[in-house]
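Here the sequence shown is numbered in UniProt numbering, starting from 1 and rising by one per residue.
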Amino acid sequence: MKNISIHSLIGLTVLCMSSCTDDYTDWATPQANEQEAAITLPDFSASKVNDINLSNPGSSIKLFTLSNATLPEGYTLGNVRVELSTEKGKAGELESNTEGMIDSLTIQKLVVETYGKRPTARPFIAQVYANAIKDGQALLVNAGSFDVNFTPAAPFIDTGYYLVGDMFTIKNDKDEILVNGWSADGMVGFSHSGTDVYEDSKFSIVFTTTADNQCWKIIPKTNTEGEFWGAGVLGTVTDGDTATEGTLTTNNPRAGMITQAGMYKMTLDMMEYTYTLEELDFAPYIYEIGNNTSWSGICPLAGTNFDGKYRGFAYLNGEFKYKPNPEKDNWTGDWEKVSGDALAGTLDENGAGNIDAPEAGFYMMEVDLTAMTYKHTLISTLGVIGSATPSGWDADTDMVYNEEDGSWNLTTNLTDGEIKIRANNDWDINWGGSIAEPTFNAGNIAVTAGNYTIRFIPQCDGMNQLTLTKN
């Protein structure tokens, strides 16, 4: 770096002023040379005050001090700024003054944009520049650089949270407590995307209150590994607070209350330390749409218990996603993949994109909107089994899949007796009930003797189709 004496500075100033063109008239605006022309002044440099923790910043923070330097007559020092960089390059520039003060909110924004929100000391190289100004001309002065760490402002966010409360207490018919809903045995965990909690600070849980006026609190994961009711437990500010949204506190936390029995979704935003409660009324169906339907048709999944858990069956041969409505061009609220692969993963309304294409085949699709997860099970075979079949209950009589209409077909002799239909020669996936209403995991279906063509189109409960045509 080239050192320039006071006399040299004056010479440079004269040179710069004499090089101005005749048509230049805006003398009130300082004109800075290109940064590569920055000069140094003897004994003039910036020194770091301290590393900066932004957890409790004022409106401005003192980042550095400037050593005293005698400027040439008529010169003043101004337009002080700090260029921050990392090993990856320039991160940004901050306005300052001769006192080395920096706006704390501007620092916070730059640190978060560069490194993220996690409150960890983040290293920067701070290069300080100023202008020596006289008669509207400005010379760029290099005041040197120093290393500094900034820790962004952010609250403590644990990696997991658990809900405890009256709704999780289980009693027997003698009113004796079997599971205490206010204990580690009864607690239920919140779901999370699995990303850095400082980038996604939201946690959610779906639960059912079993009576009116049930109370709750929140236990951080750290407490479950140590003192359960120690510091860090979250609750409302006011005991018995019935608000459906509000602020969480760890300072003498009180119990929130849900006034009406029902199904609820609680969402925490731990960056803001707030909660929201939403009473749920899950729709009876959601829908798969994708390459298998040419992105126009839909395949239904049924949630017969209105608990946010859905099941359906379809032939899959490419990427796809789920949506809450059957309309072709209505994508409002559709669920996309956050993590996972073709067979299992997590969902979100603002996910990363379509679910991966699985091996082409017929699948059972399971979606849990309370946990925001999906699971797909390949069905290699579908067969009829039972006392009315040639092999009885010992073995399946396999059906043949028709990709054109999604049906499974079999022509066989039956005797008076009972049958069921099952997948993959196992009982994990099976249908029964009645010919008119074949239902997942229901009882045996009664049949009479004869030669039948059996046609089964599994879609979802309430929409499955089964016909037995006597030949």
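Quick reminder that beta carbons are idealized off the backbone N, C-alpha and C, glycines included. Keep in mind the model is a prediction, meaning the values are calculated, not measured.
Straight-line CA distance for residue i to residue j?
i           : j      : result
PHE228      : ASN149 : 35 Å
THR224      : ALA184 : 7 Å
THR98       : ARG118 : 31 Å
TRP431      : THR397 : 15 Å
ASN409      : PRO458 : 12 Å
GLY74       : THR86  : 37 Å
residue 502 : THR377 : Lying outside 1 to 471, the shown extent of the chain, residue 502 is not represented and no answer is given.
ALA46       : ASP341 : 53 Å
ASN464      : THR159 : 42 Å
GLU199      : VAL338 : 14 Å
ILE419      : VAL384 : 7 Å
TRP335      : TYR287 : 10 Å
ILE298      : PRO390 : 37 Å
GLY312      : SER201 : 32 Å
LEU280      : GLY226 : 34 Å
THR76       : LYS62  : 21 Å
PHE44       : ASN50  : 19 Å
GLY92       : LEU105 : 14 Å
ASP166      : TRP216 : 7 Å
SER204      : LYS265 : 7 Å
THR469      : THR448 : 12 Å
PHE124      : GLY58  : 21 Å
GLY406      : THR346 : 27 Å
Could you pull the DSSP bridge partners for residue i from this structure?
i      : result
TRP216 : GLY165, GLY256
PHE124 : VAL148
CYS299 : GLU288
MET101 : LYS62
HIS376 : MET365
ARG455 : ASN409, THR467
ASN131 : GLY78, LEU140
Please go through the same chain and pick out, in chain order, the residues whose beta-carbon is closer than 6 Å to the beta-carbon of residue i, but skip the five residues on each side of it.
i      : result
ASN451 : ASN413, ASN471
SER96  : VAL80, ARG81, VAL82, ILE102
ALA423 : ILE379, LEU382, ILE429
VAL400 : ASN409
LEU12  : Here the model assigns LEU12 a pLDDT of 44, short of 50, so the residue's position is not dependable, and the following value carries that caveat. Closer than 6 Å at Cβ, skipping near neighbours: no residue.
THR208 : MET263
ASN127 : Reading off the sequence, residue 127 comes out as Gln, not Asn. Around GLN127: GLU83, SER145.
THR65  : SER47, GLY100
ASN33  : Residue placement at ASN33 is poorly supported in this model, since its pLDDT is 43, which falls under 50; the coordinates still yield a value, given next. Excluding positions up to five away in sequence, the list reads LEU140.
Nearest to residue i by CA position, among the options, is which residue?
i      : options                        : result
THR210 : THR244, ASP200, MET257, SER193 : MET257
PHE320 : ASP348, THR377, ILE355, THR70  : ILE355
GLY386 : GLY417, GLY361, TYR363         : GLY417
GLU437 : ARG422, CYS460, TRP427, THR448 : CYS460
TYR374 : PRO390, ILE125, SER380, ALA344 : ALA344
LEU349 : TYR161, LYS265, ALA126, PRO324 : Before going on, a small fix: residue 349 reads as Glu here, not Leu. Taking only the C-alpha atoms, the option nearest GLU349 is PRO324.
VAL233 : SER296, ILE157, SER193         : ILE157
ASN402 : ILE421, PHE456, ALA388, GLY58  : PHE456
THR242 : ASN441, LEU66, LYS202, GLN260  : GLN260
THR249 : ALA255, GLY235, THR439         : GLY235
ALA69  : ALA446, VAL112, SER104, ALA143 : ALA143
VAL179 : VAL164, THR411, LEU268         : VAL164
GLY78  : LEU140, GLU278, SER67, THR65   : LEU140
GLU278 : ALA449, ASN441, THR244, GLN108 : THR244
ASN56  : ILE170, PRO155, ALA255         : PRO155
Would you say residue i lies against chain D (beta-carbon separation less than 7 Å)?
i     : result
SER85 : In the structure shown, chain D cannot be found, because there is only a single protein chain.
Can you list, in chain order, the residues of its chain with a C-beta nearer than 7 Å to that of residue i? Leave out the 5 residues immediately preceding and following it.
i      : result
TYR115 : ARG122
ALA28  : Confidence is the limiting factor: at ALA28 the pLDDT is only 38, short of 50, which leaves the residue's position unreliable and the question unanswerable from this model.
TRP393 : ILE385, GLY386, SER387
ASP212 : THR259, GLN260, ALA261
Decide yes or no for the touch test of the segment 281-294 against the segment 307-318: beta carbon pairs closer than 8 Å, at least 3 of them. They touch, by the three-pair rule.
Just checking, does the segment 362-378 make contact with the segment 302-312 on the three C-beta pairs under 8 Å criterion? yes
If contact is defined by three or more beta carbon pairs under 8 Å, each pair taking one atom from either stretch, is the segment 259-279 in contact with the segment 330-344? no
Pair every Cβ in the segment 163-180 with every Cβ in the segment 126-135, then say whether three or more of these pairs are closer than 8 Å. no
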